[in-house]
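Visitor: Have a look at the structure that comes next, please.
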Amino acid sequence: AVQEAEHAENLARSAERHGDVINARALYRTASERFREAQHFMIPADNPDRWPLLAKAVDCAKRMYDLMDYPVETVEIPFGDKSLPGVLHLQPGGVKAPAIVFIPGMDNTKENYPNPLDNEFHQRGMHVLAIDGPGQGEALERGIFVTPDNHAAAATVAYEFLAARDDVDEKRIGLSGRSFGSFWSMRAAAEEHRYAAVASAVACYYWDLLTIFDEAAIRFKQVFMTMAGMDDEAAFDKMCEGITLRGHVDRITCPVLMCIGEFDPLNPLEDAEKVYDALNCPKEMWIFEDEFHSIHTTKPMCGRQTFHFIAEWMDRALNGRLPATLDRKAFIQKDGSGMYED
Numbered sequence: 001a002v003q004e005a006e007h008a009e010n011l012a013r014s015a016e017r018h019g020d021v022i023n024a025r026a027l028y029r030t031a032s033e034r035f036r037e038a039q040h041f042m043i044p045a046d047n048p049d050r051w052p053l054l055a056k057a058v059d060c061a062k063r064m065y066d067l068m069d070y071p072v073e074t075v076e077i078p079f080g081d082k083s084l085p086g087v088l089h090l091q092p093g094g095v096k097a098p099a100i101v102f103i104p105g106m107d108n109t110k111e112n113y114p115n116p117l118d119n120e121f122h123q124r125g126m127h128v129l130a131i132d133g134p135g136q137g138e139a140l141e142r143g144i145f146v147t148p149d150n151h152a153a154a155a156t157v158a159y160e161f162l163a164a165r166d167d168v169d170e171k172r173i174g175l176s177g178r179s180f181g182s183f184w185s186m187r188a189a190a191e192e193h194r195y196a197a198v199a200s201a202v203a204c205y206y207w208d209l210l211t212i213f214d215e216a217a218i219r220f221k222q223v224f225m226t227m228a229g230m231d232d233e234a235a236f237d238k239m240c241e242g243i244t245l246r247g248h249v250d251r252i253t254c255p256v257l258m259c260i261g262e263f264d265p266l267n268p269l270e271d272a273e274k275v276y277d278a279l280n281c282p283k284e285m286w287i288f289e290d291e292f293h294s295i296h297t298t299k300p301m302c303g304r305q306t307f308h309f310i311a312e313w314m315d316r317a318l319n320g321r322l323p324a325t326l327d328r329k330a331f332i333q334k335d336g337s338g339m340y341e342d
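Counting from 1, one number per residue, gives the positions in the sequence shown under the numbering used here.
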């Protein structure tokens with residue numbers, strides 16, 4: 001991965017020097033992703049050699065941001081006595097617009113999503129703030145470790161950071177997440193009622209069955225222990241008893257969209273459905289036929305990124321175009337039927 005990253009970075013720099021902006025930013029994107037992947041797979045997970053690789057991922061991403069045709073800023077969000085790093089994708093011209101806070105998956109960072117070259121929320125008129133929450137990316141490097149509930153505190157400071165800006169409509173700030181970010185965004189929405197909607201995918205909607213550490217590769221648990229700053233497995237297992245949406249999601253007041261594969265081994269459908277049933281707010285659930293955990297792209301949607309459909313739902317939610325009585329569980333079949341109601 002490192003060799004591939006260096007190859008892409010060198011080619012990107014050459015393209016940039018020659019004024020080939022379109023190829024340069026695409027190559028910087030590739031380089032950033034390869035460096036990010038390389039640091040994630042360091043053994044052991046707390047190997048300090050990962051941080052120079054993460055720094056390369058961040059640097060290549062910043063070089064891409066400088067070449068974009070819309071404003072992208074790196075920001076710092078106060079969080080206790082430290083700060084959380086973020087990437088802010090802005091609508092051009094300083095226009096006042098709705099915004100999204102995005103929480104990445106546990107093994108991911110703010111550089112991965114949204115992809116500035118195909119930014120689903122931004123294309124629909126929204127600003128996007130992606131953060132490294134506790135235990136993620138540069139936040140982990142700073143010693144900000146994850147607990148079952150401190151992403152909720154992170155989501156609150158992220159909301160307040162956006163709401164204080166003149167170019168953000170504080171009444172139309174949504175929350176989104178992917179993979180473990182789907183869990184954290186739901187926990188956050190239960191605590192922070194100023195969010196106007198929450199939508200997520202690549203399901204980690206846990207009620208009774210925290211199956212992910214049993215069904216995923218052992219490295220997944222090792223990485224999460226590092227994110228939590230723990231090396232005692234028994235103590236970690238005890239902490240994981242708090243990784244549940246039971247007793248929390250019934251407090252969510254804004255519209256919710258949940259997306260899951262029919263046969264997700266890391267989040268069994270029946271467990272996610274318990275979460276859905278406990279919601280007392282406008283709610284919708286998309287179940288993708290014959291799909292598993294990673295539903296970034298699906299056969300029912302012809303391989304189009306799932307988050308394009310989520311962003312469309314979020315646009316409707318933030319603009320008051322969802323019924324207050326919304327309670328829709330849709331089975332999205334392989335031929336695409338079920339996504340749109342005729």
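The C-beta atom is built at its ideal place from N, Cα and C for all residues, glycine as well.
Report, in whole angstroms, the separation of the C-beta atoms of A324 and W286, which I expect to be a contact under 8 angstroms.
Guide: For the purposes of this step, residue 324 is identified with residue 324 of the sequence shown, where counting begins at 1. For the purposes of this step, residue 286 is identified with residue 286 of the sequence shown, where counting begins at 1. At roughly 20 angstroms, the Cβ-Cβ gap does not stay under 8 angstroms, so A324 and W286 are not in contact.
Visitor: To which residues of the same chain is M225 closer than 8 angstroms at the C-beta, ignoring the five residues directly before and after it?
Guide: Within the sequence shown, numbered from 1, the residue matching residue 225 stands at position 225. Cβ neighbours of M225 beyond the five flanking positions: A45, D231, E233 and F236.
Visitor: Can you give the Cα-Cα distance for V249 and R172, rounded to whole angstroms?
Guide: As a working mapping, residue 249 is identified with position 249 in the sequence shown. As a working mapping, residue 172 is identified with position 172 in the sequence shown. Rounded to whole angstroms, V249 to R172 spans 21 angstroms at the Cα level.
Visitor: Within its chain, find whatever has a CB closer than 8 angstroms to the CB of L27; leave out the 5 residues flanking it on each side and keep chain order.
Guide: Within the sequence shown, residue 27 is the residue found at index 27, counting from 1. A8, E9, L11, A12 and A15, listed in sequence order.
Visitor: Tell me which same chain residues have a C-beta within less than 6 angstroms of the C-beta of Y65, skipping the five on either side of it?
Guide: Against the sequence shown, residue 65 aligns to sequence position 65. Cβ within range, chain order: V72.
Visitor: Can you tell me whether E284 is helix, strand or coil according to DSSP?
Guide: Looking up residue 284 in the sequence shown gives position 284. Three-state DSSP puts E284 in a strand.
Visitor: I need the straight-line Cα distance from E76 to L84, nearest angstrom please.
Guide: Residue mapping note: residue 76 aligns to position 76 of the sequence shown, counting from 1. Residue mapping note: residue 84 aligns to position 84 of the sequence shown, counting from 1. One C-alpha to the other measures close to 6 angstroms.
Visitor: Report yes if the C-beta distance between E37 and A1 is below 8 angstroms; otherwise report no.
Guide: Along the sequence shown, one-based indexing puts residue 37 at 37. Along the sequence shown, one-based indexing puts residue 1 at 1. In this structure, A1 lies closer than 8 angstroms to E37 by Cβ.
Visitor: Of the choices K56, D59, G105 and N119, whose alpha-carbon is the least far from that of A311?
Guide: Indexing the sequence shown from 1 puts residue 311 at position 311. A311 has its Cα closest to that of N119, out of K56, D59, G105 and N119.
Visitor: With three or more C-beta pairs closer than 8 angstroms as the rule, is the segment 186-204 touching the segment 295-315?
Guide: Verdict: yes, contact present.
Visitor: So for E73, helix, strand or coil by DSSP?
Guide: For this step, residue 73 is matched to residue 73 along the sequence shown. Here E73 sits in strand by DSSP.
Visitor: Please identify the residue among I103, K82 and D132 whose C-alpha is closest to the C-alpha of L54.
Guide: Counted from its first residue, the sequence shown places residue 54 at position 54. Comparing Cα-Cα distances from L54 to each of I103, K82 and D132, the minimum goes to D132.
Visitor: Applying the 10 Å Cβ sphere with the 16-neighbour rule, what's the burial state of K283?
Guide: Position 283 of the sequence shown, counted from the first residue, corresponds to residue 283. Label assigned to K283: buried.
Visitor: Can at least three beta-carbon pairs, one atom from the segment 124-143 and one from the segment 94-107, be found at a separation below 8 angstroms?
Guide: Judged by Cβ distances under 8 angstroms, the segment 124-143 makes contact with the segment 94-107, as three or more pairs qualify.
Visitor: How big is the Cα-Cα spacing for D271 and A24?
Guide: For this step, residue 271 is matched to residue 271 along the sequence shown. For this step, residue 24 is matched to residue 24 along the sequence shown. Distance between the alpha carbons of D271 and A24: 44 angstroms.
Visitor: Between Y70 and the rest of its own chain, which residues show a CB-CB distance below 6 angstroms, the 5 nearest in sequence each way excluded?
Guide: The sequence position of residue 70 within the sequence shown is 70, counting from 1. Around Y70: P92.
Visitor: Look up F79 in the DSSP assignment and give the residues it is bridged to.
Guide: Translated into positions along the sequence shown, residue 79 becomes position 79. K82.
Visitor: In whole angstroms, what separates the C-alpha of V381 from that of W184?
Guide: Lying outside 1 to 342, the shown extent of the chain, residue 381 is not represented and no answer is given.
Visitor: Along the alpha helix (DSSP H) that carries H40, what are the first and last residues, could you check?
Guide: Against the sequence shown, residue 40 aligns to sequence position 40. That run of the alpha helix (DSSP H) goes V21 to H40.
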